[in-house]
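Student: Chains F and D supply the protein sequences, listed in that same order. Each residue of the first sequence is one higher than the one before, counting from 3 in the numbering used here. Each residue of the second sequence is one higher than the one before, counting from 3 in the numbering used here. Glycine residues also receive a C-beta, built at the ideal position from the N, C-alpha and C atoms.
There are 2 protein chains.
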Amino acid sequence: MESAFEIIAEPNRRAILGLLLASHQSVGEIERRLCMTQPAVSKHLRVLREAGFVESTVDAQRRLYRLRPEPLQEIDAWLAPFRRFWSGHIDALEHHLDRHFPRVSPSPKPPTRPTRTKAAPARRKK
Amino acid sequence: MESAFEIIAEPNRRAILGLLLASHQSVGEIERRLCMTQPAVSKHLRVLREAGFVESTVDAQRRLYRLRPEPLQEIDAWLAPFRRFWSGHIDALEHHLDRHFPRVSPSPKPPTRPTRTKAAPARRKK
DNA sequence: CACGTATATACACTTTGCGGTATATAAGGA
DNA sequence: TCCTTATATACCGCAAAGTGTATATACGTG
């Protein structure tokens, strides 16, 4: 459970983050709004806190949890190149990145005749 | 494993998506570039395909996998409100959303005296 | 038609994460 | 000091997901 991606894979955690988007909340408030048991909420909040998604401040017996942007920004950053992918000029990007991710082993086209991968040689049809 | 979030929680799957960002790839190419076993690659591709992240076309004995944008766009959409959160005017947004996510129970501030708690009198206690 | 390549699938195993119940800790008020 | 509220933690059981090995299937070639 290291990465931010694994954290937000959990639906209840995403729900908690959605709630905190409105404003900071206490554990009890989250518990009631999401209809979860209190230990479940606390556990998820612990995970979220340790991953940097939220921070808590003490208010008497209560803990108020609020959002922190960094981990979500990290996810946003990972998403960025894909955004450029679906934003139109697909083929151009394709060739561009293909030059930045060089082929790895000398068998990218090994079925019958390895034809020096330089441009798509003969696209074997079915 | 329904949601797109759970799909991209897996590091190897994110790596595969990153590769496909460059261009379409065969299973063997992915296998070699990511140093995974072939069954592992096939399994992840199956998951990605069933979730709509990739599609495959047949090229003789090989399958060429390419990206599909929709699921990643869905994630991007979920991220949108948070983007607005970390983009500056935090307090304004806070109050704004607080009006759209009405508090649920009459105890947002129950520190000393439960002010006519008719919804939750005295729960818990073993 | 037999063989090698490419990919998919089945099976067993291991790990991990989540939920629930019970309990511990802390703070406030009578 | 005792009681109640608020939150955290420990323990347990279960289900799901990832991995590896072995095998099945499909295609192309000599």
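1) Just to confirm, are D:PRO83 and D:ALA53 a CB contact at a threshold of 7 Å?
2) What residues of chain F sit near D:PHE84, judged by a beta carbon separation below 7 Å?
3) So, using beta-carbon positions, are F:ALA79 and D:PHE7 closer together than 7 Å?
4) In the DSSP assignment, what are the bridge partners of D:GLU57?
5) For D:PHE55, would you say it is in contact with chain F, using Cβ-to-Cβ distances shorter than 7 Å as the test?
6) Go ahead and pull the three-state DSSP assignment for F:GLN63.
7) What would DSSP say about D:SER28, mapped onto helix, strand or coil?
8) Cα separation between D:VAL56 and D:GLY20?
9) Cβ of F:TRP88 less than 7 Å from any chain D Cβ?
10) Mind the definition here: the region 23-31 of chain F touches the region 18-33 of chain D only if three or more C-beta pairs lie below 8 Å; say whether that holds.
11) In chain order, what residues of the same chain have a beta carbon less than 7 Å from the beta carbon of D:GLU76, not counting five sequence neighbours either side?
12) Could you check what DSSP says for F:ALA42 in three-state terms: helix, strand or coil?
13) Can you list, in chain order, the residues of its chain with a C-beta nearer than 7 Å to that of D:LEU50? Leave out the 5 residues immediately preceding and following it.
14) Is it buried or exposed, D:VAL60, if we count other Cβ atoms within 10 angstroms and call 16 or more buried?
15) List, in chain order, every chain D residue whose beta-carbon is nearer than 7 Å to that of F:GLU8.
Tutor: Quick answer:
1) One-based indexing of the second sequence puts residue 83 of chain D at position 81. One-based indexing of the second sequence puts residue 53 of chain D at position 51. No, they are not a contact pair.
2) Here the question's residue 84 of chain D lines up with position 82 in the second sequence. Within 7 Å Cβ-Cβ: LEU23 and LEU74.
3) By 1-based counting over the first sequence, the position of residue 79 of chain F is 77. By 1-based counting over the second sequence, the position of residue 7 of chain D is 5. Against a cut-off of 7 Å, the Cβ pair of D:PHE7 and F:ALA79 comes out as no contact.
4) For this step, residue 57 of chain D is matched to residue 55 along the second sequence. Answer is D:ARG68, bridged to D:GLU57.
5) Sequence index remark: in the second sequence, residue 55 of chain D carries index 53 (1-based). By this cut-off, D:PHE55 is not an interface position.
6) Your numbering for residue 63 of chain F matches position 61 in the first sequence. The answer is coil: DSSP assigns F:GLN63 none of H, G, I, E or B.
7) By one-based count along the second sequence, residue 28 of chain D stands at place 26. Strand at D:SER28.
8) Along the second sequence, one-based indexing puts residue 56 of chain D at 54. Along the second sequence, one-based indexing puts residue 20 of chain D at 18. Their Cα atoms are separated by approximately 12 Å.
9) In the first sequence, the residue the question calls residue 88 of chain F occupies position 86. Yes, because at least one Cβ of chain D sits closer than 7 Å to the Cβ of F:TRP88.
10) no
11) The residue given as residue 76 of chain D occupies position 74 in the second sequence. Cβ neighbours of D:GLU76 beyond the five flanking positions: ALA6.
12) As a position in the first sequence, residue 42 of chain F is number 40, starting the count at 1. In the structure shown, F:ALA42 sits in a helix (DSSP, three-state: H, G or I).
13) Walking along the second sequence from the start, residue 50 of chain D turns up at place 48. Hits under 7 Å: ILE9, ARG15, ILE18 and VAL56.
14) Within the second sequence, numbered from 1, the residue matching residue 60 of chain D stands at position 58. By the 10 Å Cβ count, D:VAL60 comes out exposed.
15) The sequence position of residue 8 of chain F within the first sequence is 6, counting from 1. The answer, in chain order, is ALA11.
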